[in-house]
Each structure stands twice: as structure tokens, then as C-alpha cells.
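*Asks:* Residue 30 is where the sequence shown starts when you use my numbering, and the numbers rise one by one after that.
From the three backbone atoms N, C-alpha and C, an ideal C-beta is built for every residue, glycine too.
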Amino acid sequence: MSGLLAFVVVAVGGGLGAAARFWVADTVKARRPSGFPWGTWVVNTAGSLVIGVVSGWIALTGAAEAWHLFLVVGFCGGFTTFSTSVVETVTILRGGRARAAVRHALGTLGASVAAVTVGLLLAGAVVGG
Numbered sequence: 030m031s032g033l034l035a036f037v038v039v040a041v042g043g044g045l046g047a048a049a050r051f052w053v054a055d056t057v058k059a060r061r062p063s064g065f066p067w068g069t070w071v072v073n074t075a076g077s078l079v080i081g082v083v084s085g086w087i088a089l090t091g092a093a094e095a096w097h098l099f100l101v102v103g104f105c106g107g108f109t110t111f112s113t114s115v116v117e118t119v120t121i122l123r124g125g126r127a128r129a130a131v132r133h134a135l136g137t138l139g140a141s142v143a144a145v146t147v148g149l150l151l152a153g154a155v156v157g158g
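Now the structure itself:
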């Protein structure tokens with residue numbers, strides 16, 4: 030795939046992922062208002078699951094690089110947001126809630142690692158690897 034086409038594929042995927050993140054995070058926040066940033070937690074965990082499934086599927090099937098660029102680099106890159114999660118952790122900490130900040134940071138990391146692992150296992154179960 031040429032450099033320009035790869036750029037366009039990533040840009041389109043990233044734009045769709047960012048729009049999806051905005052919608053999902055906003056919806057979660059509206060339905061579950063609290064001092065905990067559930068919207069960001071949900072998008073990071075869900076995005077990690079998708080990355081695991083897609084990465085496993087590509088590894089097992091040899092699917093075209095375009096799928097990796099569009100879904101993993103583009104869509105999931107736009108959908109997930111590590112930096113927002115870090116800002117939210119620091120904001121919680123600055124609000125005097127150190128335990129909540131640690132729970133948020135470790136919970137996000139743990140849930141994301143678990144989601145990628147589950148995604149890889151799901152891809153293996155579905156594809157047969």
C-alpha cells in the first residue's frame with residue numbers, strides 16, 4: 030500500500046474512532062454520572078478488546094495490512110485515549126483522592142491488558158488458531 034493511501038486509510042479510521050469515542054464516552058457519562066471517569070475507562074477497555082481481536086485475526090489469517098492500518102492504527106488509535114486517562118488520574122489525585130487515583134490508573138491498565146488478552150483468545154477461537 031502506498032504512503033498516501035496508507036495515510037488516508039489511517040486518517041479515515043482515526044476520524045471514525047474519535048467520533049465513536051466522543052459518542053460512547055458522552056453516553057456513558059450521561060448514564061453514569063459520578064466522580065469516576067467511566068466514559069474513558071469504557072472506551073479504553075473496549076478499544077483494547079477490539080485491538081486484541083483484530084490483531085489476533087490478522088496474525089492468524091494474514092489479512093491485508095490495510096485492515097491493521099484502518100482498524101488498529103486508525104480506528105482504535107482514535108477511539109482509545111491514554112492521555113485523557115492520565116489527565117483524569119492526575120485530576121483525581123489533585124482532588125485529594127489518592128486511593129481513587131491509584132484505583133483508576135491500575136484499573137485502567139489491568140482492564141486494558143485483560144481486554145487485549147481476551148480479544149486475542151477470541152480471535153484464536155473464532156479463526157481456529
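I'd like the list of long-range same chain contacts for VAL102, defined as Cβ closer than 6 Å, with 5 residues on each side in sequence excluded.
*Replies:* The residues are VAL39.
*Asks:* Which same chain residues, not among the five before or five after TRP67, have their C-beta less than 6 Å away from its C-beta?
*Replies:* The answer, listed in chain order, is VAL57, ARG61.
*Asks:* Which same chain residues end up closer than 8 Å to HIS133 when comparing Cβ atoms and leaving out the 5 residues on each side of it in sequence?
*Replies:* So the list reads PHE65, PRO66, TRP70, SER114, GLU117, THR118, ILE121, once near-sequence residues are dropped.
*Asks:* Taking the straight line between their C-alpha atoms, what separation do you get for ALA47 and GLY148?
*Replies:* So the alpha carbons of these two residues sit roughly 21 Å apart.
*Asks:* Going by other Cβ atoms of all chains shown within 10 Å of its Cβ, with 16 needed for buried, is VAL142 buried or exposed?
*Replies:* By the neighbour-count rule (16 or more Cβ atoms within 10 Å), VAL142 is not buried but exposed.
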